[in-house]
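Letter 24 of the sequence shown, counting from 1, is numbered 444 in the working numbering, and no numbers are missing.
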Amino acid sequence: MQDLLKLPFFTDEHRALVRELDTAAWAHIWPDPEKGDDAEALRAALATLAEWGALKHTVSEPWRQMPNVLAREVLAYHSGIADLAYVMQALGSIAIGLMGSDTLKTEMLPAVASGEACMAFAITEPEAGSDLAAQTTRAERVGDEYEITGIKHLISNAGVATHYTLFARTGEGRKGISAFLVPAGTPGLSVEKQRPTSPHPLGRVILEKARVPAGNRLGQEGEGLKLALMTLERCRPTVAAAANGFARRAYDECVKHLRQRRMFGGTLGDQPVAQGILAEMSARLDASRLLTYRTAWLFDQGEHRQAREVALAKWQATENAQWIIDKALQLAGGLGVLHGSVFERLYREIRPLRIYEGASEVQQLVVARAILESP
Ligand SMILES: Cc1cc2nc3c(=O)[nH]c(=O)nc-3n(C[C@H](O)[C@H](O)[C@H](O)COP(=O)(O)OP(=O)(O)OC[C@H]3O[C@@H](n4cnc5c(N)ncnc54)[C@H](O)[C@@H]3O)c2cc1C
Numbered sequence: 421m422q423d424l425l426k427l428p429f430f431t432d433e434h435r436a437l438v439r440e441l442d443t444a445a446w447a448h449i450w451p452d453p454e455k456g457d458d459a460e461a462l463r464a465a466l467a468t469l470a471e472w473g474a475l476k477h478t479v480s481e482p483w484r485q486m487p488n489v490l491a492r493e494v495l496a497y498h499s500g501i502a503d504l505a506y507v508m509q510a511l512g513s514i515a516i517g518l519m520g521s522d523t524l525k526t527e528m529l530p531a532v533a534s535g536e537a538c539m540a541f542a543i544t545e546p547e548a549g550s551d552l553a554a555q556t557t558r559a560e561r562v563g564d565e566y567e568i569t570g571i572k573h574l575i576s577n578a579g580v581a582t583h584y585t586l587f588a589r590t591g592e593g594r595k596g597i598s599a600f601l602v603p604a605g606t607p608g609l610s611v612e613k614q615r616p617t618s619p620h621p622l623g624r625v626i627l628e629k630a631r632v633p634a635g636n637r638l639g640q641e642g643e644g645l646k647l648a649l650m651t652l653e654r655c656r657p658t659v660a661a662a663a664n665g666f667a668r669r670a671y672d673e674c675v676k677h678l679r680q681r682r683m684f685g686g687t688l689g690d691q692p693v694a695q696g697i698l699a700e701m702s703a704r705l706d707a708s709r710l711l712t713y714r715t716a717w718l719f720d721q722g723e724h725r726q727a728r729e730v731a732l733a734k735w736q737a738t739e740n741a742q743w744i745i746d747k748a749l750q751l752a753g754g755l756g757v758l759h760g761s762v763f764e765r766l767y768r769e770i771r772p773l774r775i776y777e778g779a780s781e782v783q784q785l786v787v788a789r790a791i792l793e794s795p
């Protein structure tokens, strides 16, 4: 991965982070969630990342994009479950860092960085996915508490998380949504498992008059949607980075295969059509990584409003990764589709990234609107 890291986007600190994390990740035997319980695999991966001190960047104050982007690219290359364990700490805690009370920050952020707290982010509902403002979960103020009732679904870490950053309606319209930190053990909160394409703790979170102290509200009443969008804006470049990690793994495995697979008196890599595909993989991978590093670099320079750059990175990196992985699997032939093949695993791992945190079509809208509305 050291190739693009020579570019001026990066500091010696970034290069050291990649070197150390990548070396540790190669030496580690990651839990295989295909062979057991995805929740257990996630907990084990989280404990390993905590032991390495890698989670500190997920709560960096002020938030730094580049270390998170680099960490996800490295982790996704090695293990989807490790990447998920990493990012959920960020996704679930950014709102606390941005608008939590001092008490919540002091209590929660060190616990997130040490892996003692395991985080989730719960905004999606059966009738509120891409249209986040359609939230129906309600939070009623009752004395010093809020009583929350509603259903969230497709929530990563459901059933594993110790804490949910959860969004519920305290009023009407876009400005009637608020954010809360809800501990998993809250009476009235229950979870039902859902199963995506690849092992990934996921589920429905059902709240029936679940009560949380008013001090667990993040920000003021009505600031929930703003907080959710600020969180997603910080996390989307890291989704792009994870896609780049999966794609780079498929690319490296494909190059090995092209060199080794004997056919027609030579190797598959000697075939001009295979060479054309490889060249396009390489172009798409570099383009995706450069878009991702650009948005991370701009953010770390203080440019926090760059809707077009963030959306371009998320959209292009996830779509290119799907293309690269599909072509790598194609060139692997029949063995590529068998369970246990790295290509088959990556093919399932990459699929949700084109949908979650804003589907590709939503990112296209953001890009187009940013262009049309610019002066
Ligand atoms: C594995 C996985 C993990 C997830 N983890 C979480 C989590 O941790 N927390 C959480 O809150 N949510 C999570 N989600 C939910 C995810 O964010 C939503 O699935 C996503 O936002 C899309 O919402 P939806 O599924 O309701 O699809 P819909 O909103 O119904 O959209 C369906 C499709 O319509 C298309 N579309 C949408 N809008 C437009 C448009 N404006 N123009 C044209 N086409 C459009 C897109 O192709 C989209 O995929 C997760 C989802 C998956 C699959």
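No residue lacks a Cβ here, since even glycine has one placed at the ideal position from N, Cα and C.
To the nearest whole angstrom, what separates the beta carbons of Ala670 and Leu518, a pair I think is in contact under 8 angstroms? Taking the sequence shown and counting its residues from 1, the one referred to as residue 670 is at position 250. Taking the sequence shown and counting its residues from 1, the one referred to as residue 518 is at position 98. Not confirmed; about 35 angstroms, so no contact.
Within the continuous alpha helix (DSSP H) that includes Ile775, where are the two ends? In the sequence shown, the residue the question calls residue 775 occupies position 355. That residue, Ile775, is in no alpha helix (DSSP H); it is neither H nor E in DSSP.
Which of helix, strand or coil DSSP assigns to Ser521: By one-based count along the sequence shown, residue 521 stands at place 101. Of the three classes helix, strand and coil, the one that applies to Ser521 here is coil, per DSSP.
Quickly, what does DSSP pair Met683 with across the bridge? List them, please. Numbered from its first residue, the sequence shown carries residue 683 at position 263. DSSP output for Met683 lists Gly686 as bridge partner(s).
Is any non-hydrogen atom of ligand 1 found closer than 7 angstroms to the C-beta of His724, if you look at the structure I gave you? Locating residue 724 in the sequence shown gives position 304, where the first residue counts as 1. Checking every heavy atom of ligand 1 against the Cβ of His724, none is found closer than 7 angstroms.
Host alpha helix (DSSP H) of Thr715 (start-end): One-based indexing of the sequence shown puts residue 715 at position 295. Taken as a continuous stretch (DSSP letters only), the alpha helix (DSSP H) holding Thr715 covers 692–720.
Can you tell me which residues form a DSSP beta bridge with Gln614? Here residue 614 is taken as the residue at index 194 of the sequence shown, counted from 1. Leu622, per the DSSP bridge assignment.
Neighbourhood of Lys734 by C-beta distance below 6 angstroms, restricted to the same chain and skipping five residues each side: Residue 734 sits at position 314 when you count from the first residue of the sequence shown. Only Arg656, Val659, Ala660, Gln783 meet the Cβ criterion.
Distance, Leu437 Cα to Pro428 Cα: For the purposes of this step, residue 428 is taken as residue 8 along the sequence shown, with counting starting at 1. For the purposes of this step, residue 437 is taken as residue 17 along the sequence shown, with counting starting at 1. So the two alpha carbons sit approximately 16 angstroms from each other.
Just to check, is the beta-carbon of Ala540 closer than 7 angstroms to a non-hydrogen atom of ligand 1? Locating residue 540 in the sequence shown gives position 120, counting from the first residue. Here the distance from the Cβ of Ala540 to the nearest heavy atom of ligand 1 is below 7 angstroms.
Tell whether a beta-carbon distance below 8 angstroms holds between Ala542 and Val625. Taking the first residue of the sequence shown as position 1, residue 542 is located at position 122. Taking the first residue of the sequence shown as position 1, residue 625 is located at position 205. Closer than 8 angstroms, so yes.
Mind checking whether the beta-carbon of Val786 lies closer than 7 angstroms to any heavy atom of ligand 1? Numbered from 1 along the sequence shown, position 366 holds the residue referred to as residue 786. For ligand 1, not one heavy atom lies less than 7 angstroms from the Cβ of Val786.
Would you say the beta carbon of Ser513 is closer than 7 angstroms to some non-hydrogen atom of ligand 1? Counted from its first residue, the sequence shown places residue 513 at position 93. No; taking the cut-off as 7 angstroms, the Cβ of Ser513 has no heavy atom of ligand 1 nearer than that.
Nearest CA to the CA of Ala465: which residue from Ser534, Ala559, Lys525? As a working note, residue 465 is residue 45 in the sequence shown. Nearest C-alpha to Ala465: Ser534.
Which of the three DSSP states is assigned to Thr582 in this structure? Position 162 of the sequence shown, counted from the start, is the residue given in the question as residue 582. DSSP places Thr582 in coil when its eight states are reduced to three.
Shortest alpha-carbon distance to Ile597 belongs to which of Asn740, Leu649, Thr738? On the sequence shown, residue 597 is found 177 positions in, with the first residue counted as 1. Of all alpha-carbon atoms in Asn740, Leu649, Thr738, the one lying nearest the alpha-carbon of Ile597 is that of Leu649.
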